[in-house]
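>
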DNA sequence: AGCTAGTTTATAATTATTCTAAAGTGAGGT
DNA sequence: ACCTCACTTTAGAATAATTATAAACTAGCT
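Protein chains in written order, with the numbering used here: chain A, 2 to 138; chain B, 2 to 138.
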């Protein structure tokens with residue numbers, strides 16, 4: 002099956018109509034060897050770089066949000082004012098370099114929590130993330 | 002010594018000239034029984050609520066940033082597009098309720114990490130924070 | 001092929017933050 | 001107490017990130 006058909010099916014099973022824009026964005030996000038950390042801005046740049054037909058920024062915002070809702074993307078915690086997303090949706094942790102604003106994954110097995118608190122009543126834990134902020138030596 | 006004098010000295014020793022605005026903001030932030038989680042918006046509302054003379058938003062931004070630099074405030078990690086600050090500067094962790102955008106402290110001893118990664122070379126760890134995102138049961 | 005609800009688009013609107021440059025003020029010296 | 005001046009504050013403009021609007025487009029039916 003072609004990549005395009007493959008992606009289209011993935012979208013369909015997520016309840017998302019496989020439009021050309023969504024397929025193109027999905028191809029850019031998910032057909033990668035490594036996980037991808039991005040903002041709407043960098044994703045847009047990436048798409049244009051590959052010589053594709055330009056996609057409206059609003060569509061990129063909508064699509065990224067739709068992919069997040071469908072569970073294909075995760076929002077990353079930062080102390081920044083713009084939103085970062087991650088194609089790695091497994092529970093995992095990050096280094097965050099405050100100077101360069103660069104995010105890198107931390108290997109899952111490199112962090113071990115021996116104790117975590119109970120959630121407040123009426124709530125359950127949706128996600129647990131460790132962020133280690135870095136600075137120059 | 003009066004509260005005002007006390008705050009003025011704290012500011013002076015941080016290299017910040019104790020202006021009326023800074024003293025008023027500091028009073029609102031640090032003369033509390035509990036730690037305070039806030040955004041510039043909520044802080045501004047708080048100040049106005051107490052019947053004080055209005056402070057320019059730009060000043061609040063400047064002051065909060067200056068207090069952060071001086072080590073009196075910490076920026077909190079969220080998946081939000083606006084900046085949250087915390088008057089609790091000790092290393093500690095948070096619950097973050099994605100629906101209500103509410104932040105609460107997690108008792109330091111309620112989280113234990115038994116393993117953390119080495120920082121990348123050339124970098125050292127500035128801060129480590131665990132954020133537990135919550136959702137409705 | 002035609003219909004329709006879901007999608008995309010350019011653009012406007014909104015929100016959060018930073019910049020600017022003029023007016024105000026704390027603190028040291030007189 | 002008064003001067004001076006570097007540091008602050010201020011209103012408003014500028015910028016940046018995101019969301020809303022409403023007209024045009026299109027995937028997936030029949």
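By construction, the Cβ of each residue, glycine as well, lies at the ideal position given by its N, Cα and C atoms.
Starting from residue 136(B) and walking both ways along the beta strand (DSSP E), at which residues does that stretch end?
The count along the second chain starts at 1 and reaches residue 136(B) at position 135. Unbroken beta strand (DSSP E) run through residue 136(B): 124–137.
> Tell me which residue opens and which closes the alpha helix (DSSP H) that residue 116(B) is part of.
As a working mapping, residue 116(B) is identified with position 115 in the second chain. Careful: residue 116(B) lies outside any alpha helix (DSSP H), inside the beta strand (DSSP E) at 113–116.
> In the region 43–81 of chain A, which residue ranges form an unbroken alpha helix (DSSP H) of at least 4 residues, counting only runs that do not cross its ends?
With a minimum length of 4 residues, the continuous alpha helix (DSSP H) runs that stay inside the region 43–81 of chain A are 58–70.
> When the distance is taken between beta carbons, is residue 138(A) closer than 7 Å to residue 72(B)?
As a first step, residue 72(B) is located in the second chain; it is residue number 71 there, counting from the start. As a first step, residue 138(A) is located in the first chain; it is residue number 137 there, counting from the start. Against a cut-off of 7 Å, the Cβ pair of residue 138(A) and residue 72(B) comes out as no contact.
> Using Cβ-Cβ distances below 8 Å, what residues of the region 4–37 of chain A are close to chain B?
Of all residues in the region 4–37 of chain A, none has a Cβ within less than 8 Å of some Cβ in chain B.
> Within 6 Å: the Cβ of residue 125(B) and any heavy atom of the ligand FAD?
For the structure depicted, the ligand FAD is absent and the ligand set is empty, with no information on it obtainable.
> When the distance is taken between beta carbons, is residue 126(A) closer than 7 Å to residue 133(B)?
One-based indexing of the second chain puts residue 133(B) at position 132. One-based indexing of the first chain puts residue 126(A) at position 125. In this structure, residue 126(A) lies closer than 7 Å to residue 133(B) by Cβ.
> Can you name the residues of chain A whose CB is closer than 7 Å to the CB of residue 126(B)?
To locate residue 126(B), count along the second chain from 1; it is residue 125. What residue 126(B) touches in chain A: 133 and 135.
> Is there contact here, the region 106–117 of chain A with the region 7–23 of chain B, by at least three beta-carbon pairs under 8 Å?
In short, these stretches do not touch, since the Cβ pair count stays below three.
> Out of 24(B), 55(B), 52(B) and 61(B), point me to the one whose CA is closest to residue 39(B)'s CA.
In the second chain, the residue the question calls residue 39(B) occupies position 38. Of the candidates 24(B), 55(B), 52(B) and 61(B), the one whose C-alpha sits nearest the C-alpha of residue 39(B) is 61(B).
> Just confirm the distance between the C-beta atoms of residue 30(A) and residue 23(A), as a whole number of angstroms; I'd bet it's less than 8 Å.
The residue given as residue 30(A) occupies position 29 in the first chain. The residue given as residue 23(A) occupies position 22 in the first chain. 10 Å between Cβ atoms; not a contact.
> Assuming the contact rule is C-beta atoms closer than 8 Å, residue 86(B) and residue 69(B) should be a hit. Round their C-beta distance to whole Å, please.
Stepping through the second chain from its first residue, residue 86(B) is reached at position 85. Stepping through the second chain from its first residue, residue 69(B) is reached at position 68. Residue 86(B) to residue 69(B), Cβ: 7 Å. Contact.
> Compute the beta-carbon to beta-carbon distance between residue 136(A) and residue 99(A), rounded to the nearest angstrom, for a pair I have assumed lies under 8 Å.
Position 135 of the first chain holds residue 136(A). Position 98 of the first chain holds residue 99(A). Confirmed, Cβ separation roughly 7 Å.
> With C-beta atoms as the reference, is residue 94(A) less than 7 Å away from residue 104(A)?
Taking the first chain and counting its residues from 1, one reaches residue 94(A) at position 93. Taking the first chain and counting its residues from 1, one reaches residue 104(A) at position 103. No, the Cβ-Cβ distance between residue 94(A) and residue 104(A) is not below 7 Å.
> For residue 58(B), count neighbouring Cβ atoms within 10 angstroms of its own Cβ and tell me buried if that reaches 16, exposed if not.
Sequence index remark: in the second chain, residue 58(B) carries index 57 (1-based). The residue in question, residue 58(B), is exposed, as its Cβ has fewer than 16 Cβ neighbours within 10 Å.
> Assuming residue 78(B) and residue 15(A) form a contact by the criterion Cβ under 8 Å, report the distance between their Cβ atoms to the nearest whole angstrom.
The residue given as residue 78(B) occupies position 77 in the second chain. The residue given as residue 15(A) occupies position 14 in the first chain. Actually they are not in contact, since the Cβ atoms of residue 78(B) and residue 15(A) sit about 28 Å apart, beyond 8 Å.
> Starting from residue 96(B), trace the beta strand (DSSP E) in both directions and tell me its first and last residue.
Position 95 of the second chain, counted from the first residue, corresponds to residue 96(B). Residue 96(B) -> beta strand (DSSP E) spans 94–98.
> With 7 Å set as the bound, which would you pick, yes or no: does the beta-carbon of residue 90(A) sit closer than that to a beta-carbon of chain B?
Taking the first chain and counting its residues from 1, one reaches residue 90(A) at position 89. No, residue 90(A) does not count as interfacial toward chain B.
> Which word fits residue 83(A), buried or exposed, when buried means at least 16 other C-beta atoms lie within 10 angstroms of its C-beta?
Residue mapping note: residue 83(A) aligns to position 82 of the first chain, counting from 1. Counting Cβ neighbours within 10 Å, residue 83(A) comes out exposed, since fewer than 16 surround it.
> Identify every run of the alpha helix (DSSP H) within the region 5–41 of chain A, keeping only runs that are complete inside it and at least 4 residues long; order them along the chain.
The qualifying runs are 21–31.
> Run through chain A and tell me which residues come within less than 8 Å of residue 116(B), C-beta to C-beta.
Sequence index remark: in the second chain, residue 116(B) carries index 115 (1-based). Within chain A, the residues near residue 116(B) are 111, 112 and 113.
> Measuring only the C-alpha atoms, how far is residue 108(B) from residue 112(A)?
Mapped onto the second chain, residue 108(B) falls at position 107. Mapped onto the first chain, residue 112(A) falls at position 111. Roughly 20 Å between the two C-alpha positions.
> Taking the Cβ atom as the reference point for each residue, do residue 25(A) and residue 53(A) lie within a distance shorter than 7 Å?
Locating residue 25(A) in the first chain gives position 24, where the first residue counts as 1. Locating residue 53(A) in the first chain gives position 52, where the first residue counts as 1. The answer is yes: Cβ separation under 7 Å.
> Nearest-angstrom Cα distance between residue 63(B) and residue 102(A)?
Position 62 of the second chain, counting from 1, holds the residue named residue 63(B). Position 101 of the first chain, counting from 1, holds the residue named residue 102(A). Spanning the two alpha carbons is a distance of roughly 21 Å.
> Suppose you measure from the CA of residue 67(A) to the CA of residue 74(A); what does that come to, to the nearest Å?
Residue mapping note: residue 67(A) aligns to position 66 of the first chain, counting from 1. Residue mapping note: residue 74(A) aligns to position 73 of the first chain, counting from 1. When rounded, the distance between both Cα atoms is 9 Å.
> Based on Cα-Cα distance, which residue from 19(B), 128(B) and 21(B) lies nearest to residue 76(B)?
On the second chain, position 75 is the one that residue 76(B) refers to. Of the candidates 19(B), 128(B) and 21(B), the one whose C-alpha sits nearest the C-alpha of residue 76(B) is 128(B).
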